[in-house]
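Residue numbers (the working numbering): 3 to 208.
Here it is in structure tokens:
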């Protein structure tokens, strides 16, 4: 590998994306790309190289106008990088259609590394928006009185009206909420849906 490319890889250790160190992320993507390529009978070394270089553009995107996949691709072209690696770098965010099986592998590895629980910090705005969306989804179901996103958005507690939702339908409502969250939201890890149905029986001894 050319020394100038190695220097740029080193510079990635000083870059972060939502709190995730970009060099460490690139190493993770390289490892995951190789593992998946080996399982599919592809060239693991080529997949590892594509994964390692996929974010190389982030080392210089503060000096050059454009998005980091395009910047990285144009930079690597100077060193006669293989077409497979160039396509993976250009297309790992879907900006360029894949023309080989390695590009979707790198894209998948990139997504896995980025979405790993604890890998990245959310911005406050995105965090609040995610909590609000959780509560909005839960509140859209009939019989739901209140919904509260807790545990940093890893759990949604739903309070239903006991007169409108019986024990049998409570399980269905919880399952339907979980399915809607899966279909409409993107989030790391899993989200627990806890449905609470309270019945109070009051009598007086006179």
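Just so it is clear, CB atoms sit at the ideal spot from N, CA and C, and this is done for glycine as well.
Reduced DSSP secondary structure (H/G/I, E/B, other) of residue i
{"i": "residue 25", "result": "helix"}
{"i": "residue 148", "result": "strand"}
{"i": "residue 78", "result": "helix"}
{"i": "residue 175", "result": "helix"}
{"i": "residue 166", "result": "coil"}
{"i": "residue 72", "result": "helix"}
{"i": "residue 205", "result": "coil"}
{"i": "residue 19", "result": "strand"}
{"i": "residue 157", "result": "strand"}
{"i": "residue 197", "result": "strand"}
{"i": "residue 3", "result": "coil"}
{"i": "residue 38", "result": "helix"}
{"i": "residue 9", "result": "helix"}
{"i": "residue 143", "result": "coil"}
{"i": "residue 67", "result": "coil"}
{"i": "residue 192", "result": "coil"}
{"i": "residue 44", "result": "coil"}
{"i": "residue 58", "result": "helix"}
Environment of residue i [buried if 16+ CB atoms lie within 10 Å]
{"i": "residue 34", "result": "buried"}
{"i": "residue 64", "result": "exposed"}
{"i": "residue 66", "result": "exposed"}
{"i": "residue 115", "result": "buried"}
{"i": "residue 168", "result": "exposed"}
{"i": "residue 60", "result": "buried"}
{"i": "residue 73", "result": "buried"}
{"i": "residue 155", "result": "buried"}
{"i": "residue 38", "result": "buried"}
{"i": "residue 32", "result": "buried"}
Contacting residues, own chain, Cβ-Cβ under 7 Å from residue i (five flanking each side not counted)
{"i": "residue 2", "result": "In this structure the chain extends from 3 to 208, so residue 2 is not present and cannot be described."}
{"i": "residue 86", "result": "48, 52, 102, 104"}
{"i": "residue 25", "result": "11, 14, 15"}
{"i": "residue 200", "result": "164"}
Contact set for residue i: own chain, Cβ-Cβ below 6 Å, skip 5 residues either direction
{"i": "residue 75", "result": "88, 91, 92"}
{"i": "residue 195", "result": "158, 176, 179, 180"}
{"i": "residue 161", "result": "147, 148, 198"}
Inter-residue Cα distance where the pair is residue i and residue j
{"i": "residue 164", "j": "residue 127", "result": "35 Å"}
{"i": "residue 9", "j": "residue 140", "result": "49 Å"}
{"i": "residue 133", "j": "residue 69", "result": "29 Å"}
{"i": "residue 29", "j": "residue 95", "result": "17 Å"}
{"i": "residue 62", "j": "residue 54", "result": "16 Å"}
{"i": "residue 3", "j": "residue 189", "result": "36 Å"}
{"i": "residue 131", "j": "residue 183", "result": "14 Å"}
{"i": "residue 84", "j": "residue 110", "result": "20 Å"}
{"i": "residue 144", "j": "residue 170", "result": "15 Å"}
{"i": "residue 172", "j": "residue 58", "result": "50 Å"}
{"i": "residue 108", "j": "residue 43", "result": "15 Å"}
Proximal residues to residue i (C-beta, below 8 Å), its chain only, five neighbours per side dropped
{"i": "residue 202", "result": "none"}
Residue-level contact to chain B via CB, residue i, 7 Å cutoff
{"i": "residue 188", "result": "The chain labelled as chain B is not found in the depicted structure, where only one protein chain is given."}
Minimum length 4: unbroken alpha helix (DSSP H) runs contained in the segment 81-129: DSSP assignment within the segment 81-129 yields the following whole alpha helix (DSSP H) runs of 4 residues or more, N-terminal first: 85-93, 104-117.
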